[in-house]
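Novice: Structure below; questions to follow.
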Amino acid sequence: MNLQEMSYREALREAMREEMQRDPAVWLLGEDIGVYGGSFKVTLGLLDEFGERRVRETPISESAIIGTAAGSAMTGLRPVAEMMFSDFITLGMDALVNHAAKFRYMSNGQVQIPMVVRLPSGSGTGAGAQHSQSLEAWFCNVPGLKVCAPSTPAQAKGLLKSAIRDNNPVVFIEYKTLYDTRGLVPQEDNYIIPLEESYIERRGSDITVVSWGPALLETIKAVRMLAQEGISCEIINPLTLYPMDMDPIFESVKKTSRLVIVHDSQKTGGVGGEIAARVAENDCFNYLDSPIVRIGGLDTPVPVAENLERQMVPDAGVIADGIYTALGLD
Amino acid sequence: MNLTTEELSQLYYRMLQARHFEETLEDLFHRRVLHGTTHLGIGQEAAGVGAAFAALKQGDLTILTHRGHNETIGLGADLTMLMGEMFGRSGGCSGGKGGSMHFIDLEHGNYGETGVVGGAYPLACGMAFTQQYNETGKAVLCVGGDGSVNEGNFHESLNLASVWKLPVVFFIENNLYSMSTPLEKEMNIINISDRSQSYGIPGITIDGNDVVEVYEIVRKALDYARSGEGPFLIEALTYRQCGHSKSDRQIYRSEQEVENWKKEDPIPRFAEYLIEHGLAEEGDLYRLERRAYEDVKVALAAAKEMPVPNDDSVYTDVYAE
Numbered sequence: 000m001n002l003q004e005m006s007y008r009e010a011l012r013e014a015m016r017e018e019m020q021r022d023p024a025v026w027l028l029g030e031d032i033g034v035y036g037g038s039f040k041v042t043l044g045l046l047d048e049f050g051e052r053r054v055r056e057t058p059i060s061e062s063a064i065i066g067t068a069a070g071s072a073m074t075g076l077r078p079v080a081e082m083m084f085s086d087f088i089t090l091g092m093d094a095l096v097n098h099a100a101k102f103r104y105m106s107n108g109q110v111q112i113p114m115v116v117r118l119p120s121g122s123g124t125g126a127g128a129q130h131s132q133s134l135e136a137w138f139c140n141v142p143g144l145k146v147c148a149p150s151t152p153a154q155a156k157g158l159l160k161s162a163i164r165d166n167n168p169v170v171f172i173e174y175k176t177l178y179d180t181r182g183l184v185p186q187e188d189n190y191i192i193p194l195e196e197s198y199i200e201r202r203g204s205d206i207t208v209v210s211w212g213p214a215l216l217e218t219i220k221a222v223r224m225l226a227q228e229g230i231s232c233e234i235i236n237p238l239t240l241y242p243m244d245m246d247p248i249f250e251s252v253k254k255t256s257r258l259v260i261v262h263d264s265q266k267t268g269g270v271g272g273e274i275a276a277r278v279a280e281n282d283c284f285n286y287l288d289s290p291i292v293r294i295g296g297l298d299t300p301v302p303v304a305e306n307l308e309r310q311m312v313p314d315a316g317v318i319a320d321g322i323y324t325a326l327g328l329d
Numbered sequence: 000m001n002l003t004t005e006e007l008s009q010l011y012y013r014m015l016q017a018r019h020f021e022e023t024l025e026d027l028f029h030r031r032v033l034h035g036t037t038h039l040g041i042g043q044e045a046a047g048v049g050a051a052f053a054a055l056k057q058g059d060l061t062i063l064t065h066r067g068h069n070e071t072i073g074l075g076a077d078l079t080m081l082m083g084e085m086f087g088r089s090g091g092c093s094g095g096k097g098g099s100m101h102f103i104d105l106e107h108g109n110y111g112e113t114g115v116v117g118g119a120y121p122l123a124c125g126m127a128f129t130q131q132y133n134e135t136g137k138a139v140l141c142v143g144g145d146g147s148v149n150e151g152n153f154h155e156s157l158n159l160a161s162v163w164k165l166p167v168v169f170f171i172e173n174n175l176y177s178m179s180t181p182l183e184k185e186m187n188i189i190n191i192s193d194r195s196q197s198y199g200i201p202g203i204t205i206d207g208n209d210v211v212e213v214y215e216i217v218r219k220a221l222d223y224a225r226s227g228e229g230p231f232l233i234e235a236l237t238y239r240q241c242g243h244s245k246s247d248r249q250i251y252r253s254e255q256e257v258e259n260w261k262k263e264d265p266i267p268r269f270a271e272y273l274i275e276h277g278l279a280e281e282g283d284l285y286r287l288e289r290r291a292y293e294d295v296k297v298a299l300a301a302a303k304e305m306p307v308p309n310d311d312s313v314y315t316d317v318y319a320e
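Line order of the protein sequences matches chains A and B.
Position 62 of the first sequence, counting from 1, maps to 61 under numbering that gives the first Met the number 0, and the rest follow consecutively.
Position 297 of the second sequence, counting from 1, maps to 296 under numbering that gives the first Met the number 0, and the rest follow consecutively.
Have a look at this one:
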């Protein structure tokens, strides 16, 4: 396999570049995505490469951005819209939830809305309560939307390519603190990661840990630490949070009999609760040797001071403690 | 005028189809035959049908509001399909999944109604962007109501359309009330079209009960938009003779006001115009009215015979393949 090391940011850009080269219907829109390259420089250089026809800077009008994307998708194009910060999708929710997610169903399948909405998400940058949210759970409650959350550069590229090719509105959760992380990324033309397929990040036998986003990186740290103590963890990354491919999780829980779910977004009403419920109402329940443990972000807005903000999301220590609890070792 | 005698008859006929369709729905809801709700456009046929007819003639695309039956019928939708949708039947235009607020008819360029006030504006920008991007030479007719012009979507979309010079005509049917609230309680200007100045685009207020004027202005505006000049804002003054929806007792306006506006009813006005200008005989108009009446009757009978949707279809088309 031809691999190249690059950042999560570069991998996202490469995905957009390749899809724009492959399909003339793909176009980009968003605030400051041209010369400036977007607030996080993800689209840097694409204006030079593809021109103003396909890389469109918009006024600060989130509802118009999402609605325009949806209208163009309804009539045959494949827009990729960027929200400057995930938090600002609140201003585009009517277009996303009431329109993009509904038009196919309401028309009995006569139209389709192939669009991607990229959301730079998460805390850890000191940007405060209105620029740091992870809102993924909101979208996982909207039939008609798909929700992706890549955790590595290779996943970022493979999933974004699939999202752009998908014929549905896809909410694409990107993590601001992952933009600079680096990893090996496949360069083959046909490289994609299919949507709605969970991925087993690491095989193990004692306990199942489901995680994604920056929390997954912390989970991996915790699991490596625990491996030194002889604890064998299986890590599953759903990649697509909605609709979620639950089978690998069910199979894993039946094997390990224990489940921990870890995410950065707040615990209450979070996606982890849905995973826990699905496992509990499935015959997996009979295999469980201990209560399911959920580890999530704090149920507070995101503060700015570093010591406060650090507490928002679980780190390797907190995750290791959760795993001990599930193993009855605390 | 840009309309042939045959087209004028067609226009009159579709206005009558729309009127009879709406009156039939009103009756069906009064008798509690239908499930759900509806937003009728009785009295607004010149605006709705006239604008739709202009878009249809040039193969343009349209997107509508929750009160979009006049436009849908003006574009030439099959009434049986629409009535089937009202009855929640499988042969309805959306297989029974959309209902009164989600009529759609792609065959005639109608991308459908949306039930969220103002929701159509940014979609229209996107539809127009596709026309510009693919250089199709087509424009988009986006219909809105006076109640929607204080939504952020109106401002965001007209501004974006102007900056990008999108081929879209924003056609606002001003029926003086957003549900029960009179316009003067919602804005401090008289003409909605004055707002065009804020976006650097042309705007005009027209007599929305004069179907020929509506048709002519919309046609010119669509041509202006498709020529690359960008969007156009039209405000068509009209009046909703019926309630806002099925539960409206209309206590917010006087009977006298309604009666006065009925004297401006666009259908008799158009009939007079046709006869005065020697464009039709009374007998012709009577025959068109009978035909429209029969169409609705036939559609109603056919809709009642249609099977309900398959129970399993509740799960289909949530996602595209």
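All residues carry an ideal CB built from backbone N, CA and C; glycine is no exception.
Could you check the C-alpha separation between Val-297(B) and Val-169(A) for me, to the nearest Å?
Specialist: Their Cα atoms are separated by approximately 43 Å.
Novice: What does the Cβ neighbour count give for Met-0(A), buried or exposed, with the cut at 16 atoms within 10 Å?
Specialist: Met-0(A) should be labelled exposed.
Novice: If you measure from the beta carbon of Met-105(A) to each beta carbon in chain B, is any gap under 8 Å?
Specialist: Yes, Met-105(A) counts as interfacial toward chain B.
Novice: List, from N- to C-terminal side, the alpha helix (DSSP H) runs of 4 residues or more that fit wholly inside the region 5-49 of chain A.
Specialist: If we require 4 residues or more, the alpha helix (DSSP H) runs fully inside the region 5-49 of chain A come out as 7-21 and 45-49.
Novice: Since Ile-103(B) meets chain A, which of its residues come closer than 7 Å, beta carbon to beta carbon?
Specialist: The contacting residues are Ser-106 and Gln-109.
Novice: Does the region 75-88 of chain A touch the region 50-67 of chain A, meaning 3 or more C-beta pairs lie closer than 8 Å?
Specialist: Judged by Cβ distances under 8 Å, the region 50-67 of chain A makes contact with the region 75-88 of chain A, as three or more pairs qualify.
Novice: Confirm, please, whether the CB-CB distance from Arg-13(B) to Ile-72(B) is below 8 Å.
Specialist: Yes, these two residues count as a Cβ contact at 8 Å.
Novice: Buried or exposed, going by whether 16 or more other CB atoms sit within 10 Å of the CB of Ser-122(A)?
Specialist: Buried.
Novice: Leaving out five residues on either side along the sequence, give the residues of the same chain with a beta carbon under 6 Å from the beta carbon of Leu-24(B).
Specialist: Only Thr-37 meet the Cβ criterion.
Novice: Going along chain A in order, which residues have a C-beta closer than 8 Å to the C-beta of Gly-118(B)?
Specialist: Chain A residues near Gly-118(B): Gly-66, Asp-93, Ala-94, Asn-97 and His-98.
Novice: I'd like the list of long-range same chain contacts for Lys-175(A), defined as Cβ closer than 6 Å, with 5 residues on each side in sequence excluded.
Specialist: Cβ neighbours of Lys-175(A) beyond the five flanking positions: Pro-119, Gly-121 and Thr-124.
Novice: Flag this pair as yes or no: are the beta carbons of Lys-156(A) and Leu-11(A) separated by less than 8 Å?
Specialist: Yes, the pair counts as a contact, with Cβ atoms nearer than the cut-off.
Novice: Which first and last residues belong to the beta strand (DSSP E) in which His-98(A) is found?
Specialist: No beta strand (DSSP E) holds His-98(A); DSSP gives it neither H nor E.
Novice: If the cut is a Cβ gap below 8 Å, which residues of chain E does Met-73(A) touch?
Specialist: Among the protein chains of the structure shown, namely A and B, there is no chain E.
Novice: If you compare alpha carbons, which of Gly-111(B), Leu-27(B) and Glu-134(B) is closest to Ala-123(B)?
Specialist: The shortest C-alpha separation from Ala-123(B) is found at Gly-111(B).
Novice: Would you mind telling me which residues of chain B sit closer than 8 Å to Pro-58(A), beta carbon to beta carbon, in chain order?
Specialist: Within chain B, the residues near Pro-58(A) are Glu-155, Asn-158, Leu-159 and Val-162.
Novice: Would you say Arg-8(A) reaches chain B, if we count a Cβ-Cβ gap shorter than 8 Å as a contact?
Specialist: Cβ-Cβ to chain B under 8 Å: no for Arg-8(A).
Novice: Looking at the structure shown, is Glu-281(B) part of a helix, part of a strand, or coil, going by DSSP?
Specialist: Residue state, collapsed to three classes: helix.
Novice: Considering only their Cβ atoms, is the gap separating Val-252(A) from Cys-283(A) smaller than 8 Å?
Specialist: Yes, the Cβ-Cβ distance between Cys-283(A) and Val-252(A) is below 8 Å.
Novice: For the candidate residues Gln-131(B), Gly-146(B) and Asp-59(B), whose alpha-carbon lies nearest to that of Met-186(B)?
Specialist: Closest option to Met-186(B), Cα to Cα, is Gly-146(B).
Novice: Can you list, in chain order, the residues of its chain whose CB lies under 6 Å from that of Ile-172(A), leaving out five sequence neighbours each side?
Specialist: Around Ile-172(A): Leu-118, Ser-120, Glu-135 and Ala-148.
Novice: Does any residue of chain A have a CB that is nearer than 8 Å to the CB of Ser-93(B)?
Specialist: It does; some Cβ of chain A falls within 8 Å.
Novice: Using the C-alpha atoms, what's the distance from Asn-109(B) back to Phe-102(B)?
Specialist: Distance between the alpha carbons of Phe-102(B) and Asn-109(B): 9 Å.
Novice: Report the rounded CA-to-CA distance for Arg-290(B) versus Leu-39(B), giving the unit in angstroms.
Specialist: Roughly 21 Å separates the two Cα atoms.
Novice: Compare the Cα-Cα distances from Val-301(A) to each of Gln-129(A), Leu-43(A) and Asn-189(A) and report the closest residue.
Specialist: Comparing Cα-Cα distances from Val-301(A) to each of Gln-129(A), Leu-43(A) and Asn-189(A), the minimum goes to Gln-129(A).
Novice: Count the other CB atoms, across all protein chains shown, that sit within 10 Å of the CB of Ser-226(B); report buried if there are 16 or more and exposed otherwise.
Specialist: Ser-226(B) should be labelled exposed.
Novice: Of all the options His-29(B), Phe-153(B) and Val-213(B), which has the alpha carbon lying nearest to the alpha carbon of Glu-44(B)?
Specialist: The shortest Cα separation from Glu-44(B) among His-29(B), Phe-153(B) and Val-213(B) belongs to Val-213(B).
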